Amino acid sequence: MKRRRIIGDIATYAVLSAVGISMLVPFGWMIVASLRDKSEFFTQARSLFPSGIHWDNYVQAWTTVPFGAFFKNSVIVAVCVTLGQLLTSSLAAYAFARMRFRGREALFIAYLSTMMVPTQVTMIPLFIMMVKLRWVDSYYALIVPFLASAYGCFLLRQFFLTIPQELEDAARIDGCGHWSTYWRIILPLSKPALSAFGVIAFLGSWNSFIWPLIVINRPTMKTIPIGLQSLQGFYGDANWAVLMAGAVIAALPMLVLFFLAQKQFIEGITLTGLKA
Amino acid sequence: MTSRRKPLVRGESLAAAGFLAPSFVGLLVFAIVPIIGAFVVSLLDWDILTPPRYVGLANYAEIWRELTHGETLRTVLLNTIYFTAGTVPLAMAISLAIALLLNRRLWGVGAFRVIYFLPTVTSIVALSIVWRLMYNPDYGIINRFLRLFISHPPGWLADPNWAMPAIIIMSVWTGLGYNAILYLAGLQGISSTYYEAAKIDGANAWQLFRHVTWPLLSPTTLFIFTMSVISGFQVFTQIYMMTAGKPTPQTMVYVYHVYSEAFTSFRMGYASALAFVLFLLILVVTLGQLSITKRWVYYGG
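As given, the protein sequences belong to chains A and B, one line each in that order.
Just so we're aligned: 199 in numbering that gives the first Met the number 0 is position 200 of the first sequence, and the numbers increase by one with no gaps anywhere.
Just so we're aligned: 89 in numbering that gives the first Met the number 0 is position 90 of the second sequence, and the numbers increase by one with no gaps anywhere.
The following block contains the structure:
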């Protein structure tokens, strides 16, 4: 019996490691390729490892397209969208979970139903709206349409409903109004839910692709994903080394953040499901 | 409680309006209005630059004609179904297997969880570029490896027969960790008492899986299945980055078609009608899935 268990454990490690290696190979390949000389890619009989370390690929990637500006734009947009969604969603969630008013259920269902519509449907009218507002190539186009999230309202409402009503009643007796109950009781008690939703809101904004692709043309206004796309547009298949260096630069900030806050990332995404 | 609270309710409505206003305005202007707008635009012939022309349901008629006469759109729809049908079952089976192994809670399993999660947090744009290099028929790592065993490995993205499978493999790889973590959360929610009871009855490992794990995991399976099919129908980024629909039309998928009709050909009306049809398709498929699967999903006692 014990022997069977050990064999089972070994088999488990073997399979998990094999899958783990398949997960790591593309990342390793990306790093190795980013350090090669560009001519190395076209020779058949080259070794798995680069002939020398060519850091200049990174310099060339950084100077071909303005990665510094991309990074700044991505940070500004993702931070604003995340904070905005947290604020607007938690306010609405509080009203849906804790206040009595006419038409509450109907309004909640109306909120939920906006989630069912795929982004491709709203994308074209939103683009026309951005053109009319003259918001194309601006932070407004990347931030303002995403300040409210029906999904966030739904998630936070579900969490707020689990907070015992007694806590709130006690606060009410102490003279707290709705605003101070929301700010001083509900929000501090909801840190796990807020951080979970914050993680997916940030990740979603950071990696979003099709919308920035549509509304941003000016190179210095691009976010990291569409900035990296423009680097591919620039080199195609002609200089893989610089492209890989660009991919590393683009992937690195989120990977670092992930390693620093693994627990929050995995819990957040498990708890809430990631909305593609 | 209700009658005593009544005077408060009116005051609360005003306060509630204050709490709801920011999200309500945001959703109204940037979700509801565009949905209506999309329908209005779908009735127009409009390139944004010149004034729009009302054409009624002509755009929908064109979609119907293309679908029934087997033109581009039918191919595009079939490609999208091919992608979804290729990705979803494969990704679900592999990620369930991985989750079952992770759930054995051996030492060091946490590290695997982190590794599997790497693609989930990485931009698909960066991953697409790397996979494009790996798939290169001449000097990509995949064919370098395959050449050790076979003399003529496939041309992957450049080969009409292999381009879509290549995209499918890459997409399964990308979503694996995320699905496995969801399955793992589902597995950890199953009370161990079920397993203990079944073991006392003499169940073997397969019977445990078949009669305990699988039924109790069915809500998670339904969730992953539904969400994966929806996102399968909406695949865009890896297609845009890796093939741009080439070799035409083998990897031309629905959303890529909507995108190029709207923002390359500037046929806003036709593209909006296409987007609406996609919405209906997703709705019908999702409702169908829910009604078929409702019978075998077990939501606990």
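Positions of the beta carbon are idealized from the N, C-alpha and C atoms, including for glycine.
Remember, it's a predicted structure, so these values are computed and weren't measured experimentally.
- From the beta-carbon of ASP8/A, the residues of chain B found nearer than 8 Å are ARG103 and LEU105.
- In this model, THR83/B and PRO21/B are separated by some 37 Å (Cα to Cα).
- Apart from sequence neighbours up to five positions away, the residues of its chain that approach PHE201/A with a beta-carbon distance below 6 Å are ALA77 and THR81, ordered along the chain.
- The alpha-carbon separation between GLY17/B and MET267/B amounts to approximately 37 Å.
- Distance from VAL135/A to MET129/A at the Cβ level is roughly 5 Å; contact confirmed, criterion being Cβ atoms closer than 8 Å.
- Residues of the same chain with a CB within less than 7 Å of the CB of ARG103/A, apart from the 5 flanking positions on each side, are PHE95 in chain order.
- Collapsing the DSSP output to three states places TYR53/B in a strand.
- Among the residues facing chain B, MET220/A is not included, as its CB has no counterpart in that chain under 9 Å away.
- Beta bridge pairing from DSSP links LEU43/B with TYR53/B.
- By the neighbour-count definition (other C-beta atoms within 10 Å, threshold 16), LYS221/A is a buried residue.
- Taken atom to atom, the span from the alpha-carbon of ARG171/A to that of GLN263/A is near 32 Å.
- A residue is called buried when at least 16 other Cβ atoms come within 10 angstroms of its Cβ; GLY83/A meets this threshold and is buried.
- The region 146-162 of chain A and the region 31-49 of chain B do not touch, with fewer than 3 CB-CB distances between them shorter than 8 Å.
- For the region 252-264 of chain A, the set of positions with a beta-carbon nearer than 9 Å to some beta-carbon of chain B reads MET253, LEU254, LEU256, PHE257, PHE258, GLN261 and PHE264 in chain order.
- Secondary structure within the region 215-250 of chain A: the alpha helix (DSSP H) runs of 4 or more consecutive residues, fully enclosed, are 223-234 (chain order).
- Taking SER50/A as the centre and dropping the five residues before and after it, the same chain places the C-beta of ARG35, ASP36 and GLU39 closer than 8 Å to its C-beta, in chain order.
- At a beta-carbon threshold of 8 Å, the residues of chain A lying near PHE275/B are VAL120, ordered along the chain.
- When the alpha-carbon of PHE66/A is set against those of VAL24/A, VAL116/A and PRO224/A, the nearest one is in PRO224/A.
- In this structure ALA125/B is in contact with ALA246/A, their Cβ atoms being roughly 4 Å apart against a cut-off of 8 Å.
- Under the three-state reduction of DSSP, HIS151/B is assigned to coil, being neither helix nor strand.
- Taking 8 Å as the upper bound on Cβ-Cβ separation, chain A lies near residues TRP172, LEU175, GLY176, TYR177, ILE180 and LEU181 of the region 157-181 of chain B.
- With respect to the C-alpha of GLN59/A, the residue from TYR234/A, GLU266/A, LEU166/A and PHE70/A having the closest C-alpha is TYR234/A.
- Here HIS53/A has LEU34, ARG35, ASP36 and ALA240 as same chain residues with Cβ atoms under 7 Å from its own Cβ, once five neighbours each way along the sequence are excluded.
- Close to GLN228/A, with beta-carbon spacing below 7 Å, are these residues of chain B in chain order: VAL124 and MET240.
- Within the region 188-213 of chain B, no residue has a Cβ lying closer than 8 Å to any Cβ of chain A.
- In chain order, VAL18, GLY19 and MET22 make up the part of chain A whose C-beta sits under 8 Å from the C-beta of TYR115/B.
- Within 10 angstroms of the beta-carbon of THR212/B lie 16 or more other beta-carbons, which makes it buried.
- Residue range 164-172 is occupied by the alpha helix (DSSP H) that includes ASP168/A.
- For a Cβ distance threshold of 8 Å, residue set ALA30, ILE34 and PHE278 of chain B lies close to VAL116/A, ordered along the chain.
- The Cβ atoms of LEU186/A and SER88/A lie no closer than 9 Å to each other.
- Among the residues of chain A, those whose CB is under 8 Å from the CB of ARG112/B are ILE265, following chain order.
- DSSP places TRP54/A in the coil class of the three-state scheme, outside both helix and strand.
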